[in-house]
Amino acid sequence: MAKYGVGMEKITLTELVNSINGELLKEGKKHVFVSAGIDSRKQGQDGVFFAIQGENVDGHHYIQEAVDAGAGAVVVHREDIAINDIDAAIIKVQDTTEAFLDFASYYRSLFHIPVIAITGSSGKTTTKDMIASVLSAKYKVLKTQGNLNNQTGMPLTVLELNSSHEAAVIELGLCEKGDILKMAKRLRPDIGVVTNIGYSHLEKLETRIGIYEEKTSLFSGFGAKNAAVINKDDEFLKQYESNDHAIIGVGIADGDMKATDILQNERGIAFNVNGEEYTFSLPGMHNVYNCLFAVAVGKMLHLTQEEIQKGFNQYMPSKNRMDFRDIAGIKVINDCYNSNPDAAKAAIEVLSNAKADGKKIAVLADMLELGEQAGALHEEVGVYAAQKNIDQLIVIGEQAAYFAQGALQGGMSEEKIMHCKSNEEATEYLLQIASQGDCVLLKGSRGMHLEEVLTQFEERKRG
77 MAKYGVGMEK ITLTELVNSI NGELLKEGKK HVFVSAGIDS RKQGQDGVFF
127 AIQGENVDGH HYIQEAVDAG AGAVVVHRED IAINDIDAAI IKVQDTTEAF
177 LDFASYYRSL FHIPVIAITG SSGKTTTKDM IASVLSAKYK VLKTQGNLNN
227 QTGMPLTVLE LNSSHEAAVI ELGLCEKGDI LKMAKRLRPD IGVVTNIGYS
277 HLEKLETRIG IYEEKTSLFS GFGAKNAAVI NKDDEFLKQY ESNDHAIIGV
327 GIADGDMKAT DILQNERGIA FNVNGEEYTF SLPGMHNVYN CLFAVAVGKM
377 LHLTQEEIQK GFNQYMPSKN RMDFRDIAGI KVINDCYNSN PDAAKAAIEV
427 LSNAKADGKK IAVLADMLEL GEQAGALHEE VGVYAAQKNI DQLIVIGEQA
477 AYFAQGALQG GMSEEKIMHC KSNEEATEYL LQIASQGDCV LLKGSRGMHL
527 EEVLTQFEER KRG
């Protein structure tokens with residue numbers, strides 16, 4: 077298991093205590109630290125362990141394990157810690173989660189490099205990966221890995237910064253209302269990107285206006301030296317205005333950086349931006365927008381067209397995101413990391429445009445956290461699938477009936493729709509109907525674990 081903070085610059089005990097407004101209850105043998113984290117299993121030597129209390133796990137129960145693994149300092153907020161039994165510096169704070177954010181904020185202040193933050197309802201990770209790939213054509217870039225985009229993941233990413241880095245690209249996700257603002261205040265990005273305002277987290281934020289306010293809180297505190305990059309074609313973001321900082325709009329219908337002469341096929345897309353031509357190896361109109369964000373950020377950081385194109389050429393998608401595979405002669409579009417209505421429609425469009433000698437099969441699992449509108453939004457995606465001439469629809473989950481209902485409304489015949497109660501049932505059915513020459517899309521929310529279908533399908537097909 078990878079250790080935390082492999083490249084973190086040295087931080088003294090005094091810096092640590094002051095940065096988190098902590099009370100030093102006990103000094104240890106170590107006064108200089110080179111890593112910091114929240115998981116005792118990943119604790120590095122001469123590191124700082126923040127004992128964070130989550131919903132299911134309390135880090136205070138793993139203090140000794142962290143110290144045994146090399147922690148030289150421990151940050152706690154509970155009163156009942158037996159400090160004399162712990163062979164490390166003990167620092168007490170009001171809230172270890174807030175302290176971890178504060179420590180990351182201090183550590184970020186040590187680096188005078190451009191920091192780009194990305195949020196939005198969909199496309200965050202792809203846009204983050206694209207921007208990082210483009211900037212890597214000129215700079216040494218740190219980027220968010222995996223799903224480390226929340227209140228603990230963002231600090232973990234920041235704490236990987238070291239003197240070799242020339243730029244950082246950080247993804248900000250949402251668990252609770254106010255998270256984006258809380259992280260933005262600590263991260264203090266130079267450039268903020270909001271991809272779109274969709275339906276993700278509708279359960280927590282209630283309305284799309286609420287989602288808009290949450291996402292654009294990324295720009296709070298922006299001044300004359302900052303820039304907001306927004307999707308000018310988005311019905312909410314196009315209304316965003318500010319006299320405090322620059323706003324760069326990207327789009328197809330509107331924008332400062334507007335894509336024209338767009339061509340697309342199953343091998344990718346080509347388009348022009350302000351007279352410069354770009355190509356990208358993944359299909360879908362949604363990827364035109366993702367590319368535009370990367371072009372905008374690249375131009376702001378003085379990259380040439382050739383450097384930006386080089387970044388597109390070397391792009392590698394994150395796991396389970398628009399991952400194209402050939403499994404026993406069957407094309408599989410593995411996009412099962414997460415889902416929401418806009419992302420599901422974009423993936424269905426890619427399937428619809430894909431070349432296939434056989435059937436086009438969509439495997440769709442529940443889209444979570446949509447609140448009271450969940451049923452209607454699943455129906456909407458079902459209608460869209462039918463309109464895009466998908467040959468077979470396999471739906472999984474509690475909301476799957478709404479997918480099916482929408483598909484029927486859209487004109488798909490009942491025999492083309494299969495409602496499965498589990499991933500195992502869906503896999504068995506997919507194995508029955510999928511044959512050489514077919515194209516299969518896998519799309520569902522993270523909590524539906526649709527990668528299980530991919531794994532089982534691939535194992536059985538490859539035999």
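Positions 77 to 539 (my numbering) are the ones given, in order, by the sequence shown. For every residue, glycine included, the Cβ atom is placed at its ideal position computed from N, Cα and C.
Annotation for Glu352: the continuous beta strand (DSSP E) segment containing it runs Glu352 to Phe356.
According to the DSSP assignment, Ala462 belongs to the alpha helix (DSSP H) that extends over Ala450 to Gln463. For Lys219, the uninterrupted beta strand (DSSP E) segment begins and ends at Val217 to Lys219.
Between Phe176 and Pro265, the gap from beta carbon to beta carbon reaches 9 angstroms or more.
Every unbroken stretch of the beta strand (DSSP E) spanning 3 or more residues and falling wholly within the stretch 330-385 is given here in chain order: 333-341, 344-349 and 352-356. If the five residues before and after Ala329 are omitted, its C-beta is found closer than 6 angstroms to the C-beta atoms of Asp309, all from its own chain and listed in chain order. Taking a 10 Å sphere around the C-beta of Lys395, we find fewer than 16 other C-beta atoms and assign the residue as exposed. Distance check between Met84 and each of Asn94, Leu101, Ala112 and Leu92 places Ala112 closest, using alpha-carbon atoms only.
The closest CA to that of Val191, considering only Ile256, Asp467, Thr355 and Val269, is found on Val269. DSSP places Val408 outside any alpha helix (DSSP H); the residue lies instead in the beta strand (DSSP E), whose first and last residues are Ile406 to Asn410. No residue range can be given for Phe295, since it is assigned to no beta strand (DSSP E) and is classified by DSSP as neither H nor E. The stretch 458-473 makes contact with the stretch 424-433; the number of CB pairs closer than 8 angstroms reaches 3 or more.
Between Ile87 and Val143, the C-beta spacing is not below 9 angstroms. By the CB criterion at 9 angstroms, Val439 and Ala483 fall outside the cutoff. Between Met376 and Ile324, the C-beta spacing is below 9 angstroms. About 6 angstroms separates the Cβ atoms of Asp320 and Gly299, confirming a contact at the 8 angstroms cut-off. Taking the C-beta atoms as reference points, Asp442 is found nearer than 9 angstroms to Ala476. Thr88 sits in a strand when the DSSP states are folded into three classes. Residues Met206, Ala335, Ile345, Phe347, Tyr354, Phe356 and Phe388 of the same chain have their beta carbon placed closer than 8 angstroms to that of Cys367, with the five preceding and five following residues left out of the count. For the set Val471, Asn416, Thr283 and Thr220, the Cα lying nearest the Cα of Met494 is the one of Val471. When DSSP states are grouped into helix, strand and coil, Asp418 belongs to the helix group. For Lys280, the enclosing alpha helix (DSSP H) begins and ends at Leu278 to Leu281. Taking 3 residues as the minimum length, the beta strand (DSSP E) runs contained wholly in the stretch 122-188 are 123-126, 147-152 and 165-168, in order along the chain. Contact between Thr271 and Gly222 is ruled out by a C-beta separation of about 19 angstroms, above the 8 angstroms threshold.
Separation of Glu504 and Phe533 (C-alpha to C-alpha, rounded to the nearest whole angstrom) is 8 angstroms. When beta bridges are read from the DSSP output, Ile192 appears opposite Val245 and Ile267. The three-state reading of DSSP puts Glu500 in helix, counting H, G and I together. Assigned with DSSP and collapsed to three states, Leu444 falls in coil, not helix or strand.
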